[in-house]
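Participant: I'd like to ask some things about the structure below.
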Amino acid sequence: MHLAISLNIAAVKGQAVLDFGEIKTFVRAAEAAGIDMVVISDSAEGLSSGPFEATTLLASLATVTDKIGLVASASTVAHQPYNLARRFASLDIISHGRAGWHATMAQGPREAANFSRPEGFSDTDFRRRSEEYIGIVQGLWQGWDADALLFDKTGGRFHDPEKMHLLDHKGEFFSVRGPLNVARSPQDAPVVVLSGLTEADFDIAARTADVILLESGSAESAKTRFDDLRRRATAAGRDPDAVKVLTNISLAPDDEPAASMDRLETQLRAKSCDGFNIQLPAQHSALDDFADRVLPALRQRGLVREGYRGATLRSHLGLAGGGDQ
Amino acid sequence: MTAQMKLGAFLWATGHHIAAWRHPKAHVMAGIDIDHYIQLARTAEAAKFDMIFCEDAAGLREANVGIASQTSRSIGFEPISLLSALAVRTSHIGLVSTASTSYNEPYGLSRTFLSLDHLSGGRAGWNLVTSASPIEAANFGSTGLKPHADRYERAREFAEVVTGLWHGKAPGHHGQSFSVRDPLDLPRSPQGAPVMVQAGASDVGRDLAARTADVVFTAAQTFEEAKAFYDDLKERMAAYGREPDDIKIMPGVSPVVAETEAEAREKHEELQELIPDDVGVALLSSYLSISDLWRYPIDGPLPELPESEGMKSRQALVVEQSRRDGLSIRQLARHFAGARGHWRIVGTAAQVADELQARFEGGAADGFNVMPSYFPGELDAFATLVVPELQRRGLFRREYEGRTLRDHLGLKRPA
Numbered sequence: 002m003h004l005a006i007s008l009n010i011a012a013v014k015g016q017a018v019l020d021f022g023e024i025k026t027f028v029r030a031a032e033a034a035g036i037d038m039v040v041i042s043d044s045a046e047g048l049s050s051g052p053f054e055a056t057t058l059l060a061s062l063a064t065v066t067d068k069i070g071l072v073a074s075a076s077t078v079a080h081q082p083y084n085l086a087r088r089f090a091s092l093d094i095i096s097h098g099r100a101g102w103h104a105t106m107a108q109g110p111r112e113a114a115n116f117s118r119p120e121g122f123s124d125t126d127f128r129r130r131s132e133e134y135i136g137i138v139q140g141l142w143q144g145w146d147a148d149a150l151l152f153d154k155t156g157g158r159f160h161d162p163e164k165m166h167l168l169d170h171k172g173e174f175f176s177v178r179g180p181l182n183v184a185r186s187p188q189d190a191p192v193v194v195l196s197g198l199t200e201a202d203f204d205i206a207a208r209t210a211d212v213i214l215l216e217s218g219s220a221e222s223a224k225t226r227f228d229d230l231r232r233r234a235t236a237a238g239r240d241p242d243a244v245k246v247l248t249n250i251s252l253a254p255d256d257e258p259a260a261s262m263d264r265l266e267t268q269l270r271a272k273s274c275d276g277f278n279i280q281l282p283a284q285h286s287a288l289d290d291f292a293d294r295v296l297p298a299l300r301q302r303g304l305v306r307e308g309y310r311g312a313t314l315r316s317h318l319g320l321a322g323g324g325d326q
Numbered sequence: 582m583t584a585q586m587k588l589g590a591f592l593w594a595t596g597h598h599i600a601a602w603r604h605p606k607a608h609v610m611a612g613i614d615i616d617h618y619i620q621l622a623r624t625a626e627a628a629k630f631d632m633i634f635c636e637d638a639a640g641l642r643e644a645n646v647g648i649a650s651q652t653s654r655s656i657g658f659e660p661i662s663l664l665s666a667l668a669v670r671t672s673h674i675g676l677v678s679t680a681s682t683s684y685n686e687p688y689g690l691s692r693t694f695l696s697l698d699h700l701s702g703g704r705a706g707w708n709l710v711t712s713a714s715p716i717e718a719a720n721f722g723s724t725g726l727k728p729h730a731d732r733y734e735r736a737r738e739f740a741e742v743v744t745g746l747w748h749g750k751a752p753g754h755h756g757q758s759f760s761v762r763d764p765l766d767l768p769r770s771p772q773g774a775p776v777m778v779q780a781g782a783s784d785v786g787r788d789l790a791a792r793t794a795d796v797v798f799t800a801a802q803t804f805e806e807a808k809a810f811y812d813d814l815k816e817r818m819a820a821y822g823r824e825p826d827d828i829k830i831m832p833g834v835s836p837v838v839a840e841t842e843a844e845a846r847e848k849h850e851e852l853q854e855l856i857p858d859d860v861g862v863a864l865l866s867s868y869l870s871i872s873d874l875w876r877y878p879i880d881g882p883l884p885e886l887p888e889s890e891g892m893k894s895r896q897a898l899v900v901e902q903s904r905r906d907g908l909s910i911r912q913l914a915r916h917f918a919g920a921r922g923h924w925r926i927v928g929t930a931a932q933v934a935d936e937l938q939a940r941f942e943g944g945a946a947d948g949f950n951v952m953p954s955y956f957p958g959e960l961d962a963f964a965t966l967v968v969p970e971l972q973r974r975g976l977f978r979r980e981y982e983g984r985t986l987r988d989h990l991g992l993k994r995p996a
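Taken in order, these protein sequences are the chains called A and B.
Add 1 to the 1-based position in the first sequence for the numbering used here, that's all there is to it.
Add 581 to the 1-based position in the second sequence for the numbering used here, that's all there is to it.
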C-alpha cells in the first residue's frame, strides 16, 4: 500500500503559520515512518498567510531529508511549461530523484485574474490545454538521454550531441522547441501527480499521470472508478500498474486512530485503490496529532513499510524507471 | 572607518572561463551536484561575501549543438530552486538570482522570490533581465524577437507590478502586458522587500535601473568605462528622487590569482589553451549577435557589424576593444571567452587588491561581482588570498553586522 500526506501550507487563516523548522520536523517524522511522499500545496480559496511558495519550499526540504518523496503543486496557469519543466527537473536533481509535480485539472479561481488572463478559460479549453501542457513537460523531461553527459575533459566532449533531443512541439496552445537546459532526472523523470479530476478528465489522467488522487466516496464507487481508470490506462497502451490511484482521506482530530485504520483496511481489502492520500491542515495540533497518534497506529497495523527499499520516489511508488530498482 | 566595498560571488557551474570544465581542478559534474553548490555557498559565506549570484537563461546558450557539446553550459540547475536549497544551508549570505521579464508573469515571480526571501530570513534578491536570445524565444511560442524598446517597456511594467506587490499593495493592475487583481498571499518580506538587481547597460536599461534598482551589475574593461558608467547612472537617479547611495554599482571582475604573479600568469595561460577555436569564435559570435563570424579569417580583424536587436551595449564594448588593441578574431575570441567581456585581473592578491581599490576609491565602483574562472579552486583562491588582503586594508568587512541582504549592502529598508 502507498501512503501520501498532503499538506496545504496556505490553509492557515487565523492560525499561527508554520515556520520552516516546524515543517522540516514534520516531514522528517513522516520520513521516519516510511511515508511515500509529502504533497505540498500553497494556495487557498481566500487570502492566506503562509510564508512559502511550494516549489521553493520543496527545494529547501530536499536538502534536509534523504528518502521521502517531495511533491509540489504548481499551476498550469501560473507557469509557462518550459519554466515549470525546468523547475521540477532541477528539484529532482537537488533531491536525488525524489521530486514530483502535482497538477490539478480544476481551475483555481484566483489564478487567471492574477496571471494576465482575466477572461479565464472555458472548461473544455482548460482540459485540452492541460493535456497539451502535461505532454510538453513530460516530453521536455526526456530531452537528454540518461547517458548523454560524457564529462570527457581531455577529449573536450562534455556531452554527446546525438543524445540530446529537441521537442519541437507545435500545438493548439503552445509551441516549445526544447531541449531543457537541465540534465536528465535521476529517476528517469519527476513523478506526475494529478488531482481535481472530473470523469471527463479520466482519459487524460490515464494517459499521462503516474499518480492520481481521487476524492473519497463509498467503497463501491471507489472500486468502480479504480477499475475504470485501470481499463483506460490499458486502453492507452500502458501497464495499469504504472498508474497509482490514491484515495484522499481526512482524519478528523477526534477520531480514534483505530476506527480510521479500520476504514483504510476495508477500502484496501475491496481493492478500491493503491493507497491513500491523507490530507492535513497546516496546523501545529494536526501535525502533532498525526505524528503522535496516527503514524504509530499505521505502523502497528502494518500499513506502512518498514523502511525504504530504494532511494527515489519512483521506486517508493513501484513505478518503472526508478533508477535504483 | 573607511568605506567598505560590496562583494558578490557569481556562481556558474564549472566556472566562468569557457573552458573551465576541462581544467584538471574544476569540478566537472558541478551542474548536477547540489553538494558542490552548498560547499561554494559556504566558502563565500565564510569569506563574508555580501551575496552569491546566479545567472539564468530559459534555453540553451548555443544553437550549434557541436559547439555546445564542447562546453559545460547546456545543463545546470534552475537558479530559484538552487538558491532555495542553499537558503536553509547558509545563515547570512545574500541569494540573488536572475529571472527574465520576457517569459514570466509578475505575480508568480514576485511570489516565488518572496518565498525565497522568507526561507532565507531576508536574504533574497532578483536580477531583472529581458531576454534577447532567439533560442529562448523558441521555447515560449514566440515567432520573432520583440524590438529592444518593447522588451524594456514590458520590463518596466513588470518591475512596477512586482515592486507594488512586494510593498503589500493591492495592485488592481490592468496594463499593456499584465493584469493582476489581488495582493500577494504571503506576508511582507523580512527585509522590507527583496533586493532588486539589474544589469542592462543600454540607455533605456540605465533609466530603468536608475528608477528601480538597488544593485547594478555591469561589465567594464577600463577604469574610464567603469567611471563613465558609474557617474552616468548615479546622475540619472536624481530624476527619480533617489540618492546616489540608493544604488550599489558592482562591475564584474574575473581575477586569476596566485601566490606569485608568475604562477597567476601560468594558471591563466593554462586555461586559455583549453579553449577550442570554434568554441571561442562561437561565443564571441553570440555576444556580437551575429551568426557567421566563422566565415571570416580567424587571424584577421573583426568585420564591420550591423547594429543588432540583441545586446546593444555589450556589442559596442567588444567592437571598441578590438579596434583599440588591434586584436584578431582569434585573439578577441580567446580574450572574451575567458571573462565574457568582463574585466580580468591576473596577479597576486596584492595586485588584485590594488586594482579593486583603485576603482573603488576612484569612484568607479561600489563593489564587485567576482567571477571565478573555475570552481571550486578560483573561489577558494579569492577567499583565502584576496579577501584577507582587502580586510587588512580596511576595505572589506571581517564579520557580518546584520542578517539581511539589505543590511549587508547598506540599503534602506522600504517603508
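Think of the CB as a built atom: it goes at the ideal place given N, C-alpha and C, for glycine as much as any other residue.
Given a threshold of 16 other Cβ atoms within 10 Å of its Cβ, counted over all protein chains shown, does residue 209 of chain A qualify as buried or as exposed?
Facilitator: The residue labelled residue 209 of chain A in the question sits at position 208 within the first sequence. It is buried - the Cβ of residue 209 of chain A has at least 16 other Cβ atoms within 10 Å.
Participant: Give me the subset of the region 23 to 39 of chain A whose CB atoms are less than 9 Å from a CB atom of chain B, sorted by chain position.
Facilitator: Listed by position, the residues of the region 23 to 39 of chain A near chain B (Cβ gap below 9 Å) are 25.
Participant: At 8 Å on the CB atoms, spell out the chain B contacts of residue 162 of chain A, in chain order.
Facilitator: On the first sequence, residue 162 of chain A is found 161 positions in, with the first residue counted as 1. Residues of chain B passing the Cβ test: 646, 647, 649, 650.
Participant: Quick check on residue 748 of chain B - is its C-beta less than 8 Å from some C-beta in chain A?
Facilitator: For the purposes of this step, residue 748 of chain B is taken as the residue at position 167 of the second sequence. So no, residue 748 of chain B is outside the interface.
Participant: Going along the chain, which residues of the region 677 to 692 of chain B sit with their C-beta nearer than 8 Å to a C-beta in chain A?
Facilitator: Taking 8 Å as the Cβ-Cβ cut-off against chain A, the residues of the region 677 to 692 of chain B that qualify are 684, 685, 686, 688, 689, 692.
Participant: Which bits of chain A does residue 870 of chain B rub up against, with CB to CB less than 7 Å?
Facilitator: Position 289 of the second sequence, counted from the first residue, corresponds to residue 870 of chain B. In chain order: nothing, as chain A lies at least about 19 Å away.
Participant: Candidates B/974, B/991, B/975: which alpha carbon is nearest residue 982 of chain B's?
Facilitator: The count along the second sequence starts at 1 and reaches residue 982 of chain B at position 401. The candidate whose alpha carbon is nearest that of residue 982 of chain B is B/991.
Participant: Considering only residues of the same chain and omitting the five flanking positions on each side of residue 178 of chain A, which have a CB-CB separation below 8 Å?
Facilitator: The residue labelled residue 178 of chain A in the question sits at position 177 within the first sequence. Counting only Cβ-Cβ distances below 8 Å, and skipping sequence neighbours, we find 167, 168, 169, 170.
Participant: Touch check for the region 90 to 101 of chain A and the region 184 to 197 of chain A: three-plus C-beta pairs under 8 Å?
Facilitator: A contact exists between the region 90 to 101 of chain A and the region 184 to 197 of chain A.
Participant: With three or more C-beta pairs closer than 8 Å as the rule, is the region 853 to 865 of chain B touching the region 595 to 610 of chain B?
Facilitator: With the cut-off at 8 Å, the region 595 to 610 of chain B and the region 853 to 865 of chain B touch.
Participant: When the Cα atoms are used, what is the spatial distance from residue 824 of chain B to residue 692 of chain B?
Facilitator: Within the second sequence, numbered from 1, the residue matching residue 824 of chain B stands at position 243. Within the second sequence, numbered from 1, the residue matching residue 692 of chain B stands at position 111. If you take the alpha carbons of residue 824 of chain B and residue 692 of chain B, they lie about 28 Å apart.
Participant: Looking only at C-alpha atoms, which of B/648, B/656, B/647, B/704 sits nearest to residue 664 of chain B?
Facilitator: Taking the first residue of the second sequence as 1, we reach residue 664 of chain B at position 83. Checked all of B/648, B/656, B/647, B/704; the closest Cα to residue 664 of chain B is B/704.
Participant: Is there a Cβ from chain A that is less than 8 Å from the Cβ of residue 739 of chain B?
Facilitator: The sequence position of residue 739 of chain B within the second sequence is 158, counting from 1. So no, residue 739 of chain B is outside the interface.
Participant: Can you check whether the C-beta of residue 857 of chain B is within less than 8 Å of a C-beta belonging to chain A?
Facilitator: Counting from one through the second sequence, the residue named residue 857 of chain B turns up at place 276. With 8 Å as the cut-off, residue 857 of chain B counts as an interface residue toward chain A.
Participant: Taking 8 Å as the threshold (beta carbon to beta carbon), is residue 3 of chain A in contact with chain B?
Facilitator: In the first sequence, residue 3 of chain A corresponds to position 2, counting from 1. No, residue 3 of chain A lies away from the interface with chain B (no Cβ there is under 8 Å from its Cβ).
Participant: Measuring only the C-alpha atoms, how far is residue 123 of chain A from residue 305 of chain A?
Facilitator: Along the first sequence, read from residue 1 onward, the residue named residue 123 of chain A stands at position 122. Along the first sequence, read from residue 1 onward, the residue named residue 305 of chain A stands at position 304. Approximately 41 Å, taken between the alpha carbons.
Participant: Pick helix, strand or coil for residue 991 of chain B, following the three-state DSSP scheme.
Facilitator: What you label residue 991 of chain B is simply residue 410 of the second sequence in a count that begins at 1. Of the three classes helix, strand and coil, the one that applies to residue 991 of chain B here is coil, per DSSP.
Participant: Mind listing, in chain order, the continuous alpha helix (DSSP H) runs of no fewer than 4 residues lying wholly within the region 901 to 980 of chain B?
Facilitator: You should have 910 to 920, 930 to 942, 958 to 962, 968 to 973.
Participant: Excluding five sequence neighbours on each side, which residues of the same chain lie with their C-beta closer than 7 Å to the C-beta of residue 174 of chain A?
Facilitator: The count along the first sequence starts at 1 and reaches residue 174 of chain A at position 173. Taken in chain order, the residues that qualify are 130, 133.
Participant: Check the DSSP bridge columns for residue 635 of chain B and list the partner residues they point to.
Facilitator: One-based indexing of the second sequence puts residue 635 of chain B at position 54. According to DSSP, which records beta bridges pairwise, residue 635 of chain B is partnered with B/592, B/678.
Participant: Can you find the residues in the same chain that come closer than 8 Å, C-beta to C-beta, to residue 181 of chain A, ignoring five residues on each side of it along the sequence?
Facilitator: On the first sequence, position 180 is the one that residue 181 of chain A refers to. Closer than 8 Å at Cβ, skipping near neighbours: 83, 86, 87, 90, 141, 142, 144, 145.
Participant: Would you say residue 714 of chain B reaches chain A, if we count a Cβ-Cβ gap shorter than 8 Å as a contact?
Facilitator: If you number the second sequence from 1, residue 714 of chain B lands on position 133. Answer no: the Cβ-Cβ gap between residue 714 of chain B and chain A never drops below 8 Å.
Participant: The region 655 to 679 of chain B: which residues have C-beta closer than 7 Å to a C-beta of chain A, in chain order?
Facilitator: Against chain A - using a Cβ distance shorter than 7 Å - the residues of the region 655 to 679 of chain B are 655, 656, 657, 658, 659, 661, 662, 663, 665, 666, 668, 669, 670.
Participant: For residue 639 of chain B, return the contacting residues in chain A, with the cut-off set at a CB-CB distance below 9 Å.
Facilitator: Working through the second sequence from its first residue, we reach residue 639 of chain B at position 58. Within chain A, the residues near residue 639 of chain B are 81, 83, 84, 87, 182.
Participant: Just checking: is the beta-carbon of residue 325 of chain A within a distance shorter than 8 Å of some beta-carbon in chain B?
Facilitator: In the first sequence, the residue the question calls residue 325 of chain A occupies position 324. Caution applies to residue 325 of chain A, whose pLDDT of 47 falls short of 50 and renders its modelled position unreliable; the value that the coordinates give is listed next. No - not a single Cβ of chain B is within 8 Å of the one on residue 325 of chain A.
Participant: Going by the CB atoms, is the gap between residue 50 of chain A and residue 78 of chain A shorter than 8 Å?
Facilitator: Reading the first sequence from its first residue, position 77 is the one you call residue 78 of chain A. Reading the first sequence from its first residue, position 49 is the one you call residue 50 of chain A. Cβ distance not < 8 Å, so residue 78 of chain A and residue 50 of chain A don't count as in contact.
Participant: Using beta carbons (cut-off 8 Å, strictly below), is residue 213 of chain A in contact with chain B?
Facilitator: For the purposes of this step, residue 213 of chain A is taken as the residue at position 212 of the first sequence. So, not an interface residue.
Participant: Using CA atoms only, rank isn't needed, just tell me which of A/2, A/3, A/5, A/9 is closest to residue 285 of chain A.
Facilitator: Against the first sequence, residue 285 of chain A aligns to sequence position 284. Residue 285 of chain A has its Cα closest to that of A/9, out of A/2, A/3, A/5, A/9.
Participant: What residue from A/212, A/248, A/239 has the CA that sits closest to residue 221 of chain A's CA?
Facilitator: Within the first sequence, the letter at position 220 stands for residue 221 of chain A. Per the Cα distances, A/248.
Participant: Report the neighbours of residue 721 of chain B on chain A: residues whose CB is nearer than 7 Å to its CB, in chain order.
Facilitator: In the second sequence, the residue the question calls residue 721 of chain B occupies position 140. Result: 81, 83.
Participant: Pull up the distance between the alpha-carbon of residue 298 of chain A and that of residue 26 of chain A, whole angstroms please.
Facilitator: Start at 1 with the first residue of the first sequence, and residue 298 of chain A comes out as number 297. Start at 1 with the first residue of the first sequence, and residue 26 of chain A comes out as number 25. When rounded, the distance between both Cα atoms is 19 Å.
Participant: I need the straight-line Cα distance from residue 836 of chain B to residue 630 of chain B, nearest angstrom please.
Facilitator: Walking along the second sequence from the start, residue 836 of chain B turns up at place 255. Walking along the second sequence from the start, residue 630 of chain B turns up at place 49. Spanning the two alpha carbons is a distance of roughly 16 Å.
Participant: Would you mind sorting residue 325 of chain A into buried or exposed? The rule is 16 or more other CB atoms within 10 Å of its CB.
Facilitator: Along the first sequence, one-based indexing puts residue 325 of chain A at 324. Because residue 325 of chain A sits at a pLDDT of 47, beneath the cut-off of 50, its placement in the model cannot be relied upon, and the following sentence gives the value as read from the coordinates. The residue in question, residue 325 of chain A, is exposed, as its Cβ has fewer than 16 Cβ neighbours within 10 Å.
Participant: With 8 Å as the threshold, decide whether the Cβ of residue 9 of chain A is near any Cβ in chain B.
Facilitator: Locating residue 9 of chain A in the first sequence gives position 8, counting from the first residue. Chain B, which has no Cβ nearer than 8 Å to the Cβ of residue 9 of chain A, makes this no.
Participant: Figure out for me which residue from B/883, B/669, B/694 has the closest Cα to the Cα of residue 681 of chain B.
Facilitator: In the second sequence, counting from the first residue as 1, residue 681 of chain B sits at position 100. The shortest C-alpha separation from residue 681 of chain B is found at B/694.
Participant: Tell me where the beta strand (DSSP E) around residue 249 of chain A begins and ends.
Facilitator: In the first sequence, counting from the first residue as 1, residue 249 of chain A sits at position 248. Residues 245 to 251.
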